[in-house]
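Below: one structure, written as structure tokens.
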Amino acid sequence: DKHCCLLPARMTEGKEVTTKDICKRFEDLMQINTSADSGANTGREKIESQFLALRNAVLFRGVGEPQRNPGGITTFRGHLWKLFLGVLYVDDEADPVELYISALKKKKSRLKCQDGRSSYKAIRDDSFRTMRGEKEVFDISKEEPKVIRVLNAYVHRANKPYNQGMNTILAPFLVCMNEMDAFHCFHHLLEKVTPTYWMSYERKGSLGTSEGFYLGARAACRLADKLLRRAQIYVAYILQ
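Okay, so the sequence shown: first residue is 529 according to the working numbering, each after it adds one.
Here it is in structure tokens:
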């Protein structure tokens, strides 16, 4: 708790940061040459400095509301997602395109879910409900095949069963990037950034021991409550 700090109301005093500024900072970051004559350490310092500035700008200014992306291209918002997740360049020996294609070529996943259904059956039971109320941004009646393909490919590559709610985590990626980029961002988010999100755990109660689910999700909720009590104690009290 002693290391917890409140977010400032504005990123900087004075000049307001605009979306144009964010685009410029992104371009500057992409143009840094780590092998320049000034040395690799200087290049790394420049990258870290520009990265922090860009992240703060996006955090406190934002990049506008997500828009409908009928062409299925990777937009500027999508490139920011890839940068912040660390998948702007995929560090696998295999080509990122081949990785996704090889996963697509595999059959419908039969890996069993917690309730006994095959992963593919569970995916199909959830996919048509993805962002159903957000048709102006993501029309699931047209985009459902993408959701099914990416989720089935993830199950094959991660060798882990599908869990309810994964479709909701995937959808924001598909809104702002192409299918392959969405696959790599989704896989990296679940396997590298939040690996415990759907992890099961042993739960002890008055009736004995049972299996609990979504360990990481529960931990994240507790952390959010903790931060809210520090930042907005009155709101936290009302929500209790």
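Where a beta carbon is used, it is the ideal one built from N, C-alpha and C, also for glycine.
What you are looking at is a predicted structure, and each value in this text was computed from that prediction instead of being measured.
Extent of the continuous alpha helix (DSSP H) run through S655: Counting from 1 along the sequence shown, the entry for residue 655 is found at position 127. Element bounds for S655: S647 to S655.
May I ask you to list the residues that DSSP assigns as paired with K640? Taking the sequence shown and counting its residues from 1, one reaches residue 640 at position 112. S646, per the DSSP bridge assignment.
*Taking the CB atoms as reference points, tell me whether A745 and Y765 lie closer together than 7 angstroms.*
Walking along the sequence shown from the start, residue 745 turns up at place 217. Walking along the sequence shown from the start, residue 765 turns up at place 237. No, Cβ-Cβ distance for A745 and Y765 is not below 7 angstroms.
| task | State buried or exposed for M694, treating a residue as buried only when at least 16 other CB atoms are found within 10 Å of its CB. | result | In the sequence shown, residue 694 corresponds to position 166, counting from 1. That one is buried.
- Item | With 16 other Cβ atoms within 10 Å as the buried cut-off, status of T696 | Start at 1 with the first residue of the sequence shown, and residue 696 comes out as number 168. Flag for T696 reads exposed.
With a Cβ-Cβ cutoff of 7 angstroms, do H716 and V615 count as a contact?
The residue you call residue 716 lines up with position 188 of the sequence shown. The residue you call residue 615 lines up with position 87 of the sequence shown. Closer than 7 angstroms, so yes.
With three or more C-beta pairs closer than 8 angstroms as the rule, is the stretch 622-633 touching the stretch 601-614? no
Report task. Figure out for me which residue from G606, C551, F604 and P598 has the closest Cα to the Cα of A581. Result -> To locate residue 581, count along the sequence shown from 1; it is residue 53. Of G606, C551, F604 and P598, the residue nearest in Cα terms is C551.
Should L718 go down as buried or exposed, given a rule of 16 or more other Cβ atoms within 10 Å for buried?
By one-based count along the sequence shown, residue 718 stands at place 190. Buried: at least 16 other Cβ atoms inside 10 Å.
query: Just checking my contact of F579 with V591 at CB under 8 angstroms: how many whole Å lie between their CB atoms?
result: Within the sequence shown, residue 579 is the residue found at index 51, counting from 1. Within the sequence shown, residue 591 is the residue found at index 63, counting from 1. About 16 angstroms; that fails the 8 angstroms criterion.
Contact belief for A752 with Y690 at Cβ below 8 angstroms, rounded distance in angstroms
In the sequence shown, residue 752 corresponds to position 224, counting from 1. In the sequence shown, residue 690 corresponds to position 162, counting from 1. Incorrect: roughly 25 angstroms between the Cβ atoms, too far for contact.
Start-to-end residues for the alpha helix (DSSP H) that takes in L785: This structure does not reach residue 785, given that the chain is present from 529 up to 768, and the question cannot be answered.
To the nearest angstrom, report how far apart D549 and N584 are at their CA atoms.
-> Within the sequence shown, the letter at position 21 stands for residue 549. Within the sequence shown, the letter at position 56 stands for residue 584. C-alpha separation (whole angstroms): 12 angstroms.
Roughly how many whole angstroms lie between the Cα atoms of A747 and K688? Position 219 of the sequence shown, counting from 1, holds the residue named residue 747. Position 160 of the sequence shown, counting from 1, holds the residue named residue 688. Spanning the two alpha carbons is a distance of roughly 21 angstroms.
Subject >> Nearest-angstrom Cα separation, counted from P723 out to Y742 >> reply: Counted from its first residue, the sequence shown places residue 742 at position 214. Counted from its first residue, the sequence shown places residue 723 at position 195. Y742 and P723: Cα-Cα distance of roughly 11 angstroms.
### Query
For Y682, which option in R638, C704 and I668 has the closest C-alpha, if you only look at C-alpha atoms?
Taking the sequence shown and counting its residues from 1, the one referred to as residue 682 is at position 154. It is R638.
Check your understanding: Which first and last residues belong to the alpha helix (DSSP H) in which N680 is found?
Key -> As a working note, residue 680 is residue 152 in the sequence shown. Taken as a continuous stretch (DSSP letters only), the alpha helix (DSSP H) holding N680 covers I668 to A686.
Starting from Y628 and walking both ways along the alpha helix (DSSP H), at which residues does that stretch end?
On the sequence shown, residue 628 is found 100 positions in, with the first residue counted as 1. Residues P624 to L632.
Report task. Quick one: using the 10 Å Cβ neighbour count with 16 as the cut-off for buried, is K558 buried or exposed? Result -> Sequence index remark: in the sequence shown, residue 558 carries index 30 (1-based). As written in the sequence, residue 558 is Met, which differs from the Lys given in the question. M558 should be labelled exposed.
Do K670 and E707 count as a contact pair if the criterion is CB distance below 7 angstroms? On the sequence shown, position 179 is the one that residue 707 refers to. On the sequence shown, position 142 is the one that residue 670 refers to. No, they are not a contact pair.
| request: For P700, count neighbouring Cβ atoms within 10 angstroms of its own Cβ and tell me buried if that reaches 16, exposed if not. | output: As a working note, residue 700 is residue 172 in the sequence shown. P700 is buried by the Cβ-count criterion.
### S655 burial status per 10 Å Cβ neighbour count (16 or more: buried)
In the sequence shown, the residue the question calls residue 655 occupies position 127. By the 10 Å Cβ count, S655 comes out buried.
Less than 8 angstroms between the CB atoms is what I'm expecting for F711 and V678, so what's the real figure, rounded? Taking the first residue of the sequence shown as 1, we reach residue 711 at position 183. Taking the first residue of the sequence shown as 1, we reach residue 678 at position 150. Indeed they touch by this definition, with Cβ atoms about 5 angstroms apart.
| Taking C-beta to C-beta, are V703 and P594 nearer than 7 angstroms? | The residue given as residue 703 occupies position 175 in the sequence shown. The residue given as residue 594 occupies position 66 in the sequence shown. Yes.
E798 to R589 span [Cα, whole Å]:
Residue coverage of the chain in this structure runs from 529 to 768, which leaves residue 798 outside it and unanswerable.
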